[in-house]
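Chains as they are written, first to last, in my numbering: chain A, 89 to 339; chain B, 191 to 550.
Note that the Cβ used here is the ideal one computed from N, Cα and C, for glycine as well.
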């Protein structure tokens with residue numbers, strides 16, 4: 089079984105340290121961890137450090153990945169690409185990175201079924217420049233998932249999606265985490281999504297880890313007050329699920 | 191019955207995505223074959239055209255069975271026209287693929303050997319030899335002009351390479367630095383022209399116009415060798431180079447070492463651009479337009495974009511070589527001038543006829 093442990097992890101850009109002291113217990117396969125915190129708290133920096141794209145102190149322990157398999161995929165925040173590539177080509181590109189030039193029938197079939205699962209088959213022949221922000225996010229998700237990673241880091245993958253798509257995508261990622269026994273770390277702004285889909289919450293504030301624990305224990309009125317500077321609380325809604333109720337920002 | 195209907199309905203959209211992809215791959219292979227055929231035709235016409243025009247069929251017959259051909263025609267074709275025609279192909283291909291990869295690594299549609307100052311530096315190097323007889327590579331009396339041009343071109347590339355290794359330098363900074371180099375070397379060349387004798391001045395002006403006439407087998411061999419050595423290295427990086435067009439963050443997230451790829455490509459591209467410019471002078475347009483036409487035809491999957499750029503560049507310069515002999519009967523128009531005069535209207539017609547979605 090694949091596991092991920094962070095031990096005093098930080099991120100440094102040049103001499104500037106932007107994140108420090110992220111330590112987690114062992115995160116096990118098949119779980120989803122919401123990485124939450126205010127804007128510019130250091131969530132993306134944590135992902136870049138775990139993905140090996142940034143340097144810094146501490147240790148990222150990844151264990152149990154069979155050799156030859158993709159340990160990790162990182163989905164950065166949405167960027168506006170001008171490349172003259174179709175959606176299908178861009179997913180082929182992600183699947184074939186570091187591999188041979190020829191695209192096999194099996195690889196094409198995998199892409200077909202992934203696009204169908206994300207309900208973006210009709211976008212396959214569209215150019216990336218023709219897509220809306222939300223559609224680009226869905227393509228980005230396809231590019232990450234096609235690599236069949238054991239650990240998936242997603243940086244605000246639902247920020248440009250409508251409500252229906254948000255729930256659809258998070259539901260799909262949750263079921264893939266369960267089926268493929270994948271570790272998912274996902275940066276989210278909507279705490280209700282964290283409560284609804286994730287097992288753990290890793291809270292980052294001011295470049296440091298504030299808390300790590302189960303979503304139900306971590307997301308409470310203290311977190312809202314101390315980290316997000318809003319007055320509010322968590323209560324059970326009519327569907328008997330925990331829900332964040334917000335009152336007003338605190339100045 | 192209804193269950194079958196549902197099954198078909200479920201399967202068809204899934205199958206169509208990869209079917210469209212397969213069809214587009216087939217279409218691109220056909221486009222590449224078409225371009226290759228066009229290059230061969232243009233090459234044959236280039237050989238046939240000159241002060242005396244031979245029928246293309248006779249040219250082909252002479253190429254395949256020189257022993258049966260008329261001696262005069264054989265000498266004209268093989269000794270005089272062949273190096274020029276081959277130079278057009280190899281220079282066009284080199285400049286176009288150099289431009290294509292510059293546009294890729296700098297994420298800028300204006301990037302070309304000209305934009306980064308490589309051509310301007312080469313021009314200054316050549317002018318140093320033509321005006322003052324300065325040889326930048328001592329003890330080599332032959333090839334002083336191309337060697338000077340090459341040394342200066344690589345110096346410009348070295349400056350860009352040095353700066354792009356510095357921390358915090360973005361692709362925009364590199365493009366701005368390139369433009370600054372263009373102005374610097376143009377100013378230095380203008381200074382040399384100001385100081386030059388009348389004879390040297392006309393030599394400098396002629397050199398900067400670009401010319402294939404002085405092509406030799408050695409120059410063809412060197413240009414072809416550099417092209418043959420660098421293209422396989424690009425092919426090995428085809429997926430990574432394509433990923434670069436998704437933006438640095440996305441490419442990095444797909445496992446591409448963006449910084450290293452950009453630097454190695456920059457070195458190869460500098461070499462690819464410096465060699466032809468040193469031999470034939472400034473032919474600016476090909477490095478900019480060749481890749482754009484290729485992009486409109488086959489998109490940016492480097493497995494198709496790279497060969498298409500090579501073929502488009504070769505075709506453009508070869509066709510221009512033909513036209514440069516035909517535009518003013520009895521005279522050969524400098525190839526750099528002809529390329530721009532013929533290429534610009536052609537390029538504009540392509541831009542306005544193609545839909546925006548498949549261009550930059």
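DSSP, reduced to helix, strand and coil, places residue 526(B) within a helical segment of the structure shown. Residue 221(A) and residue 150(A) have their C-alpha atoms some 32 Å from each other.
Annotated three-state conformation of residue 170(A) is coil, per DSSP. CA-to-CA, the gap between residue 227(A) and residue 439(B) works out to about 15 Å. Within chain B, the residues placing a beta-carbon under 9 Å from that of residue 186(A) are 429, 430, 444, 445, 446, ordered along the chain. Out of 176(A), 269(A), 244(A), the CA that lies nearest to the CA of residue 197(A) is found in 176(A). DSSP places residue 300(A) in the uninterrupted beta strand (DSSP E) bounded by 296-302. One finds 181, 185 in chain A with Cβ atoms closer than 7 Å to the Cβ of residue 433(B), taken in chain order.
For residue 149(A), the enclosing beta strand (DSSP E) has its first and last residue at 147-151. Non-local C-beta neighbours of residue 112(A) in its own chain, meaning closer than 6 Å and more than five positions away in sequence, comprise 94, 300, ordered along the chain. The C-beta of residue 379(B) has 16 or more other C-beta atoms within 10 Å across all chains shown, which makes the residue buried. The criterion of a C-beta distance shorter than 8 Å is satisfied by residue 99(A) and residue 144(A). Put simply, the backbone Cα of residue 526(B) is about 5 Å away from that of residue 399(B). Shortest Cα-Cα distance from residue 362(B) to any of 413(B), 305(B), 388(B) involves 305(B). If you compare the alpha carbons of 279(A), 334(A), 246(A) with that of residue 163(A), the shortest gap goes to 246(A).
For the options 316(A), 330(A), 239(A), 178(A), the alpha carbon positioned closest to that of residue 291(A) is the one of 316(A). DSSP, read as helix, strand or coil, puts residue 363(B) in helix.
Here residue 330(A) is bridged, per DSSP, to 324(A). Among the CB atoms of chain B, none fall inside 8 Å of the CB of residue 240(A). The stretch 336-419 of chain B contains, as complete alpha helix (DSSP H) runs of 4+ residues, the segments 361-385, 388-399 (chain order). Beta-bridge partners assigned by DSSP to residue 97(A): 110(A).
Shown here, residue 89(A) sits in coil according to DSSP, grouped into three states, outside any helix or strand. Taking 8 Å as the threshold, the shortest C-beta distance from residue 436(B) to chain A falls below it. Just so you know, the alpha carbons of residue 245(B) and residue 233(B) end up roughly 13 Å apart. Counting the other Cβ atoms within 10 Å of the Cβ of residue 199(A) gives 16 or more, which makes it buried.
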